[in-house]
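In short: position in the sequence shown from 1, add 20, done, that's my numbering. As structure tokens, the structure follows; a few thoughts come after it.
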Amino acid sequence: MDQRRARGLRNRQALIHAAIELFTTQGYEATTVDQISAAAGVAPRTFFHHFASKEDILFDGYAERLEEAIRRFRAARSDSLWDALAETSTAVAQAIVDQPDIFLVRARMYHSLPALRATMLRINEDWIDQLTTEVARWLGSETQPDLRPRLAATLINAANRAAIDSWVAGGGRGDLSQLITESVELVRPSIAAIERTGAASGPGRGGGKRVG
Numbered sequence: 021m022d023q024r025r026a027r028g029l030r031n032r033q034a035l036i037h038a039a040i041e042l043f044t045t046q047g048y049e050a051t052t053v054d055q056i057s058a059a060a061g062v063a064p065r066t067f068f069h070h071f072a073s074k075e076d077i078l079f080d081g082y083a084e085r086l087e088e089a090i091r092r093f094r095a096a097r098s099d100s101l102w103d104a105l106a107e108t109s110t111a112v113a114q115a116i117v118d119q120p121d122i123f124l125v126r127a128r129m130y131h132s133l134p135a136l137r138a139t140m141l142r143i144n145e146d147w148i149d150q151l152t153t154e155v156a157r158w159l160g161s162e163t164q165p166d167l168r169p170r171l172a173a174t175l176i177n178a179a180n181r182a183a184i185d186s187w188v189a190g191g192g193r194g195d196l197s198q199l200i201t202e203s204v205e206l207v208r209p210s211i212a213a214i215e216r217t218g219a220a221s222g223p224g225r226g227g228g229k230r231v232g
């Protein structure tokens, strides 16, 4: 890695750490870009080289990490839909534990900041839409009305959410990956039933056989 890139990565991490500290101690709305830059020891122009706004820090790389969860689903080798969705949930857990401090700060501000909540909901809904598309492809039902793909995607998202909410309520202590594994296991019978059941528009499309 060349020196310029290494310096850029150090500055980016310094900005993230400074922002988390300031958001935690004085609140998100009271924190300015100038304060974050000063605490990180860089000029404001350096901040804007890395981030468009202070909100961007809270979502640093998160959408990209969720994309990795979708890629994990596509790459799953099992013929079991539940196994593939469990792989996806493992990747979601990893996306959070890679940057737990950012996630915890963001989660704590969820209810008090409508704009932040709207961004989080949009990212989550986009992810459910992507996963729905992938499950439809798995089940071979992309071109027909079929409630199974969205139901499966929504169920697995709810299982993830329950585990994440429990982890956040505990202050981020404990093993999030294990919590998600346990939560996803609880919806296994429902996912299996979805996979066995034929599409709503006609029989014969279930049976647990991956398409493609």
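Don't be surprised by glycine CBs; every beta carbon is placed ideally from N, CA and C.
Residues near residue i in its chain [Cβ-Cβ closer than 6 Å; skip 5 each side]
i, result
"residue 126", "78"
"residue 156", "162 and 169"
"residue 198", "none"
"residue 227", "Unreliable placement is indicated for residue 227, whose pLDDT of 46 sits below 50; the coordinate value is still reported in the next sentence. Within the same chain, residue 227 has no close Cβ partners at all."
"residue 112", "89 and 180"
"residue 93", "104, 108 and 154"
"residue 152", "169, 170 and 173"
"residue 207", "175 and 179"
"residue 118", "none"
Distance between beta carbons of residue j and residue i, contact taken as under 8 Å
i, j, result
"residue 102", "residue 178", "Not a contact, Cβ separation roughly 14 Å."
"residue 52", "residue 43", "Not quite, the Cβ-Cβ distance comes to about 11 Å (not below 8 Å), so this is no contact."
"residue 175", "residue 203", "At roughly 11 Å, the Cβ-Cβ gap does not stay under 8 Å, so residue 175 and residue 203 are not in contact."
"residue 62", "residue 26", "About 15 Å separates the two Cβ atoms, so there is no contact after all."
"residue 31", "residue 72", "Going by Cβ atoms, the distance from residue 31 to residue 72 rounds to 16 Å, so no, they are not a contact pair."
"residue 38", "residue 74", "Contact flag wrong, Cβ pair sits at about 11 Å."
"residue 124", "residue 192", "5 Å"
"residue 80", "residue 122", "6 Å"
Cutoff 7 Å; reference residue i; Cβ partners in own chain excluding five residues on either side
i, result
"residue 171", "214"
"residue 222", "With a pLDDT of 38 at residue 222, under the threshold of 50, the modelled position of this residue cannot be trusted; read the value that follows with caution. Here the set comprises nothing."
"residue 67", "35, 53, 56 and 57"
"residue 187", "194, 196 and 199"
Host alpha helix (DSSP H) of residue i (start-end)
i, result
"residue 62", "Element bounds for residue 62: n/a, residue is neither H nor E."
"residue 22", "Here residue 22 belongs to no alpha helix (DSSP H), and DSSP marks it neither H nor E."
"residue 79", "No alpha helix (DSSP H) holds residue 79; DSSP gives it neither H nor E."
"residue 213", "208 to 216"
"residue 193", "Residue 193 -> no alpha helix (DSSP H), and no H or E assigned at all."
Beta-carbon proximity list for residue i, same chain, < 8 Å, skipping 5 on both sides
i, result
"residue 115", "82, 85, 86, 88 and 89"
"residue 64", "53, 54 and 57"
"residue 200", "109, 110, 112, 113, 179, 180, 183 and 184"
Contact with chain C by residue i, beta-carbon distance below 7 Å
i, result
"residue 118", "Among the chains in the structure shown there is no chain C, since it carries only a single protein chain."
_Quick check on the DSSP output: what are the complete alpha helix (DSSP H) runs of length 4 or more inside the region 81 to 111, in order along the chain?_
If only complete runs of 4 or more residues are kept, the region 81 to 111 shows the alpha helix (DSSP H) at 82 to 95, in order along the chain.
*Entirely within the region 108 to 135 and at least 4 residues each: give me those alpha helix (DSSP H) ranges in chain order.*
120 to 128
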